[in-house]
Amino acid sequence: MSLVMFYNGYWFSSSLASSVIYIIISVFTVSGNVLVCVTFALDPYGQLHKPQNVFLVNLAVSDLIMGALTDTLLASTYWISPAEGLFFAHYVCAIISGASSLLNLTALSVIRYYAVREPVDYQAKITRHRVFVAIVFIWALSLHLALLPVFGWRSPSYQLYLYGVGFGIPCVIIFVAYYGFHGAIRQHTRTIRDMEMTDRNLPAGSNTDLSYHSRVKRVIERERHVTKTIVLILSLFVASWLPFLMVDIIMVQCVTCRDSPRLHLARDVTLSITYFSAGINPLLYTWRVIQFRRAVAKVLHLSS
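Pasting the structure below:
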């Protein structure tokens, strides 16, 4: 059975240098994301089993697929011939990993929207059942996108469907959520400013009001910090994937562009950047999310 994707000559030109690079990326990606999963499972301080962290770990699983399967399959094409089956398997795994990663980030964006809009009460809305349903949906949609070429849809129209459903729609949802929590942050900033002015004008002995205002301020500041972390991860993902998607669309949709060696090189280079980004996310967790940072230090015996 022929495993031609889009057109003859679409697959990559493997080399020893590129295969070594993908092996290095694989080791880097797998190591960091396994550490995230192990840290979450052990949860040494009992602080990680929260709804938003479930999606972060689900994101780590998506990145593990990228490192353990996608990268290694692509690297092995240099030594195994014919490699058409390996290229196709790599493509399917890349779709599962990339789509599920962005959908996890979409879910995190929606959670951040509610967390910033209602910082005190939002956790009541993010129930275990809703988290479970969201995770099932994420993997079902990702597998659906990946299985379509397995069942024979490999024409250029499939690429438009893949990038529209797997990238375009999630990005629109993320943009709307970002717009919403950006406005909410500005509103909360004004609220904090009003609280501080009110606190200064309260008579002595108004400890209850001061305590409440302080608690709300701490919650808002915490949610704002977490939101900035998610925005950073989102920005990295989009910045990593967008150049590849643009080049790939040109290669497939522009028939006269397909034979351009420069375009093929640009596609391969931008693809390497997307794969490398899967290993960066664990560094962002441990750098920006204090609960993960403390837990990772404990797991690695870097703290008492």
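Our numbering runs 414 ahead of the 1-based position in the sequence shown. Yeah, the Cβ is synthetic: ideal placement off N, Cα and C, and Gly gets one too. Computed from a predicted model, the values in this text were never measured in an experiment.
Check                                                                                                                                   : Outcome
Pairwise C-alpha distance: phenylalanine 658 and arginine 681                                                                           : 6 Å
Cβ pair serine 511, threonine 491 closer than 8 Å                                                                                       : no
Cα-Cα separation between serine 556 and lysine 464, rounded to whole angstroms                                                          : 23 Å
8 Å Cβ cutoff met for leucine 500 and isoleucine 494                                                                                    : yes
DSSP three-state assignment for aspartate 682, whether helix, strand or coil                                                            : helix
Euclidean distance between Cα positions of arginine 600 and isoleucine 694                                                              : 29 Å
Proximity of arginine 568 and valine 418 at Cβ, strictly below 8 Å                                                                      : yes
Test item: CB-CB of isoleucine 663 and tyrosine 572 under 8 Å                                                                           : no
Whole alpha helix (DSSP H) elements within the region 506 to 571, 4-residue minimum                                                     : 542 to 564
Contact check, serine 519 vs isoleucine 588, beta carbons under 8 Å                                                                     : One detail in the question is off: residue 519 reads as leucine in this sequence, not serine. Yes.
Beta-carbon contacts of phenylalanine 469 that lie in its chain and below 6 Å, excluding the five residues immediately before and after : Asn518, Ala521 and Leu522
Residue environment, valine 666, which counts as buried when at least 16 other CB atoms sit within 10 Å                                 : buried
Cut-off 7 Å between Cβ atoms - residues of its own chain near tyrosine 421, not counting five sequence neighbours on either side        : Arg672
Nearest-angstrom beta carbon gap, alanine 709 and tyrosine 536 [assumed within contact, 8 Å]                                            : 23 Å between Cβ atoms; not a contact.
Enclosing alpha helix (DSSP H) for tyrosine 436 [first to last residue]                                                                 : 430 to 456
Three-way DSSP call (helix, strand, coil) for lysine 642 in this model                                                                  : helix
Where leucine 470 falls: helix, strand or coil (DSSP)                                                                                   : helix
Cβ-based neighbour list, lysine 642, same chain, cut-off 8 Å, excluding 5 preceding and 5 following                                     : Arg702
Between the CA atoms of proline 496 and serine 515 - distance to the nearest angstrom                                                   : 30 Å
Whole-Å CB distance - serine 654 paired with isoleucine 687, under 8 Å assumed                                                          : 5 Å
Backbone secondary structure at proline 675 - three-state DSSP                                                                          : helix
Spatial distance of glutamine 398 from threonine 541 (CA atoms)                                                                         : As displayed, the chain neither begins before 415 nor continues past 718, which places residue 398 out of reach and without an answer.
Distance between beta carbons of valine 524 and alanine 591, contact taken as under 8 Å                                                 : 6 Å
Phenylalanine 706, enclosing alpha helix (DSSP H) - first and last residue                                                              : 704 to 713
For isoleucine 694, three-class secondary structure by DSSP                                                                             : coil
Three-way DSSP call (helix, strand, coil) for glycine 594 in this model                                                                 : helix
Per-residue DSSP class, three states only, for phenylalanine 426                                                                        : coil
Valine 547 to isoleucine 479 span [Cα, whole Å]                                                                                         : 21 Å
Test item: CB-CB of tyrosine 689 and isoleucine 439 under 8 Å                                                                           : yes
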